[in-house]
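Below is one structure, written out as C-alpha cells; comments come after it.
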Amino acid sequence: MKEKIDQVREDFLKDSSSVNNSDDLEKIRIKYFSRNGLYANLFEEFKSLPKEEKPKFGKLLNEEKKSAQSKFDELKKSIESQASKNTEYIDLTLPGKDRELGTLHVLTQTLNEIKSIFKGLGFSVYTGPEIESDENNFEMLNFPDDHPARDMQDTYFINDSFLLRTHTSPVQVRLMKNSKPPYRAIMPGRVYRNEAISAKSYCLFHQVEGLVIDTDVTFAELKGTLVYFAKQLFGEDVKYRFRSSFFPFTEPSAEVDIWWQPKGKEGKWLEILGCGMVDPNVLNNLNIDSEKYIGYAFGMGIERMAMLKYGIDDIRLFFDNDNRFLNQFK
Ligand code: PHE
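According to this note's numbering, the sequence shown is numbered sequentially starting from 3.
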C-alpha cells in the first residue's frame, strides 16, 4: 500500500509540473480526482486492508489526497489568472462612450436671463412661499373682500385664510413687512391659477415681479427700466407700447405690449407685462409713509417671455418633460 501511495504522489508531482493550460489541468483532474481516479482507487483498496493497518493508512491517505488537492487548486488559480490577463486588453481605436449631458430647463434659462438684466440695473433677488395668506396675496394689495378684482385671478383656496399664490405680488408685501425702504428687488417664483388648461393657459406658471420704492421714483424711471429690459431680452429694435390698464395695487397702471411678427404670418401686439406706480393705499397698509415714499412695481410671466423669445406656441410644452422639446434648448 505504501509503495502505491508513493507512486501516485510521484506521478501527480510529475504531471502537475508540466501543466500549461486548462486542458492539461482537466486531464489531471480526471486522472487523479474523478470518481474512477487514482485517489479513488487508493481509497477502494484501503477498504480491503487488514483491520490493524487501517488507522495508519487511513491517516496517510487522507493527508496525501489533501495535499495533492491543494496543490491542484493552486495550479488552477494560477492558470485562471493567466487566462484573464491574456484576454484583458484595451482597443484604443474603439469610439468612446457617448454621454448625454443634461441642460437647464428653458424656463430656468429664460429666468436667468431676466435676472441678469435686472441685476445689471442694481436689483436684488427676493423670494417667498407658494402657499400664501389671503392677507398677503389680496388684502394688503388693496383687494378688499368681495372686491370684483379678485375674480381676475382664479384662486385655489386651501381654506378661508390660505391659498396658492395667484401672483408674485405677495412677495412685495413680504419685503415691505420685513424691511424698511428703499427697495430695489425682483421676486421670481411659481404661481397658480385655476384656469382651464389649453395652449394659452396652464394651472401653474412662473412670474417675475419687480418693486422699487424710494423718495424720488418717477413713472419715467419705470418706463425707462422696462424699455431697457425689453430691448435687452428681445433685441434693440423691438417695437413696444405702454397701454393704460388697471391693477388694484398700482395707480396709475399700464400694460406693456410688444409687436409680434412671426415669419409669414400676420403680426400683432402681445402683452408682456403689467406695471404701475404703487398705490399709496398699499404703502399705508404696510406702515410705509406714503407722503415720503413713492415707488413702482411690475410683473411678468416667464412662460410668456420664453414663448415670445423662442417662438413656442403651446404653454403645455414647458410642463410635459418631453426630451424632444427640451433638447432644443441646449
Ligand atoms: N401681479 C400682477 C398680475 O399677476 C402683475 C403686476 C405686478 C402688475 C406688479 C402691476 C404691478 O397680473
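Cβ atoms here follow ideal geometry from the backbone N, Cα and C, with glycine treated the same way.
Item to complete: Would you mind sorting Y91 into buried or exposed? The rule is 16 or more other CB atoms within 10 Å of its CB.
Response: Within the sequence shown, numbered from 1, the residue matching residue 91 stands at position 89. Per the 10 Å Cβ criterion, exposed.
Fill in: Closest Cα partner of K61 within the set Q9, I314, F45, T110
On the sequence shown, position 59 is the one that residue 61 refers to. Nearest of Q9, I314, F45, T110 to K61, Cα basis: F45.
Worksheet item: Hey, out of Y194, K73, N22, whose CA is closest to F159's CA?
Response: Your numbering for residue 159 matches position 157 in the sequence shown. Measuring C-alpha to C-alpha distances from F159 to each of Y194, K73, N22 identifies Y194 as the nearest.
Worksheet entry | Bounding residues of the alpha helix (DSSP H) (the contiguous stretch that carries E305) | As a working mapping, residue 305 is identified with position 303 in the sequence shown. Per DSSP, E305 belongs to the alpha helix (DSSP H) from 304 to 312.
Worksheet entry | Alpha-carbon spacing of E12 relative to E82, whole angstroms | For the purposes of this step, residue 12 is identified with residue 10 of the sequence shown, where counting begins at 1. For the purposes of this step, residue 82 is identified with residue 80 of the sequence shown, where counting begins at 1. Each residue's Cα considered, the two are about 25 Å apart.
Worksheet item: So what's L206 in DSSP terms, helix, strand or just coil?
Response: Position 204 of the sequence shown holds residue 206. Three-state DSSP puts L206 in a strand.
Worksheet entry | Cβ neighbour criterion (16 or more within 10 Å) applied to D209 | Looking up residue 209 in the sequence shown gives position 207. Just to set this straight, residue 209 is Gln in the shown sequence, not Asp. Classification of Q209: buried, given that the 10 Å Cβ count is 16 or more.
Practice prompt. Could you tell me if V127 is buried or exposed, where buried requires 16 or more neighbouring beta carbons within 10 angstroms of its beta carbon?
Written response: Walking along the sequence shown from the start, residue 127 turns up at place 125. Around the beta carbon of V127, a 10 Å sphere encloses fewer than 16 other beta carbons of the protein chains shown; the residue is thus reported as exposed.
Worksheet item: Hey, is the segment 102 to 122 in contact with the segment 182 to 192, meaning 3+ C-beta pairs nearer than 8 Å?
Response: Judged by Cβ distances under 8 Å, the segment 102 to 122 makes contact with the segment 182 to 192, as three or more pairs qualify.
Worksheet item: Hey, how far is the Cα of P131 from the Cα of N161?
Response: For this step, residue 131 is matched to residue 129 along the sequence shown. For this step, residue 161 is matched to residue 159 along the sequence shown. Their Cα atoms are separated by approximately 16 Å.
Fill in: Three-state class that DSSP yields for D216 in the structure shown
What you label residue 216 is simply residue 214 of the sequence shown in a count that begins at 1. Three-state DSSP puts D216 in a strand.
Worksheet item: Which residue spans inside the segment 34 to 122 form an unbroken alpha helix (DSSP H) run of at least 4?
Response: Here the runs fully enclosed are 40 to 49, 56 to 89, 108 to 122.
Worksheet item: G130: beta carbon under 7 Å from a heavy atom of ligand 1?
Response: Walking along the sequence shown from the start, residue 130 turns up at place 128. It does not: the Cβ of G130 is nowhere closer than 7 Å to a heavy atom of ligand 1.
Fill in: Three-pair Cβ contact test at 8 Å for the segment 268 to 286 versus the segment 295 to 311
The segment 268 to 286 makes contact with the segment 295 to 311; the number of CB pairs closer than 8 Å reaches 3 or more.
Worksheet item: Got a sec? Which residues, its chain only, sit under 8 Å from A232 by beta carbon, not counting five neighbours each side?
Response: Position 230 of the sequence shown, counted from the start, is the residue given in the question as residue 232. Only V240, Y242, V258, I260, I274 meet the Cβ criterion.
Item to complete: Assign E257 to one of three DSSP states: helix, strand, or coil.
Response: Here residue 257 corresponds to residue number 255 of the sequence shown, with the count starting at 1. Three-state result, E257: strand.
Fill in: Proximal residues to Q246 (C-beta, below 6 Å), its chain only, five neighbours per side dropped
Residue mapping note: residue 246 aligns to position 244 of the sequence shown, counting from 1. Per the sequence shown, residue 246 should be read as Ser rather than Gln. Listed in chain order, the non-local C-beta contacts of S246 below 6 Å within the same chain comprise A256, local neighbours out to five positions each way being set aside.
Worksheet item: Can you tell me where the alpha helix (DSSP H) with K29 in it begins and where it stops?
Response: Translated into the one-based positions of the sequence shown, residue 29 becomes position 27. Counting along the chain, the unbroken alpha helix (DSSP H) around K29 starts and ends at 24 to 30.
Item to complete: Verify the contact flag: A299, CB atom, against every heavy atom of ligand 1, threshold strictly below 7 Å.
Response: Start at 1 with the first residue of the sequence shown, and residue 299 comes out as number 297. Look at A299: its beta carbon is less than 7 Å from one of the heavy atoms in ligand 1.
Worksheet item: Is the beta carbon of S171 sitting closer than 8 Å to the one on E211?
Response: Here residue 171 corresponds to residue number 169 of the sequence shown, with the count starting at 1. Here residue 211 corresponds to residue number 209 of the sequence shown, with the count starting at 1. Contact: yes.
Worksheet item: Got a sec? Which residues, its chain only, sit under 8 Å from S18 by beta carbon, not counting five neighbours each side?
Response: Reading the sequence shown from its first residue, position 16 is the one you call residue 18. Apart from sequence neighbours up to five positions away, the residues of its chain that approach S18 with a beta-carbon distance below 8 Å are I30, K73, F74, L77, ordered along the chain.
Worksheet item: How would you label E5, buried or exposed, when you count the other beta carbons within 10 angstroms and need 16 or more for buried?
Response: The residue you call residue 5 lines up with position 3 of the sequence shown. Its Cβ having fewer than 16 others within 10 Å, E5 is exposed.
Worksheet entry | Cβ-heavy atom distance, H169 to ligand 1, below 7 Å | For the purposes of this step, residue 169 is taken as the residue at position 167 of the sequence shown. Answer for H169: yes, Cβ within range of ligand 1.
Item to complete: To the nearest angstrom, report how far apart Q111 and H149 are at their CA atoms.
Response: The count along the sequence shown starts at 1 and reaches residue 111 at position 109. The count along the sequence shown starts at 1 and reaches residue 149 at position 147. In this structure, the straight-line span from the alpha carbon of Q111 to that of H149 is close to 37 Å.
Practice prompt. Assign A70 to buried or exposed, taking buried as 16 or more other Cβ atoms, counted over all protein chains shown, within 10 Å of its Cβ.
Written response: Start at 1 with the first residue of the sequence shown, and residue 70 comes out as number 68. A70 is classed as buried because its beta carbon has at least 16 other beta carbons within 10 Å across all chains shown.
Fill in: Residues that DSSP places opposite L166 in a beta bridge
On the sequence shown, position 164 is the one that residue 166 refers to. DSSP lists I133 as partners of L166.
Discussion item. Spatial neighbours of F14 within its chain, please: C-beta separation below 7 Å, excluding the five flanking residues on both sides.
Written reply: Here residue 14 refers to the residue found at position 12 when the sequence shown is read from its first residue. Y34, A70, listed in sequence order.
Worksheet item: Got a sec: does ligand 1 put a non-hydrogen atom nearer than 7 Å to the Cβ of F249?
Response: Taking the first residue of the sequence shown as position 1, residue 249 is located at position 247. Under cutoff, so the answer is yes.
Discussion item. Are there any heavy atoms of ligand 1 lying less than 7 Å away from the beta-carbon of C205, as far as the coordinates show?
Written reply: The count along the sequence shown starts at 1 and reaches residue 205 at position 203. C205: no, Cβ never under 7 Å from ligand 1.
Item to complete: Counting only the same chain and skipping the five closest in sequence on each side, list residues whose C-beta sits under 7 Å from that of G124.
Response: As a position in the sequence shown, residue 124 is number 122, starting the count at 1. For G124, where only same-chain residues beyond five positions count, the Cβ hits under 7 Å are R186.
Discussion item. What would DSSP say about K226, mapped onto helix, strand or coil?
Written reply: On the sequence shown, residue 226 is found 224 positions in, with the first residue counted as 1. Before going on, a small fix: residue 226 reads as Gly here, not Lys. Residue state, collapsed to three classes: helix.
Worksheet item: Buried or exposed: D2, going by 16 or more other Cβ atoms within 10 Å of its Cβ?
Response: With the chain running from 3 to 332 in the structure shown, residue 2 is simply not present.
Worksheet item: For R318 versus A201, is the C-beta spacing smaller than 8 Å?
Response: In the sequence shown, residue 318 corresponds to position 316, counting from 1. In the sequence shown, residue 201 corresponds to position 199, counting from 1. It is a contact, given that the beta carbons lie within the stated cut-off.
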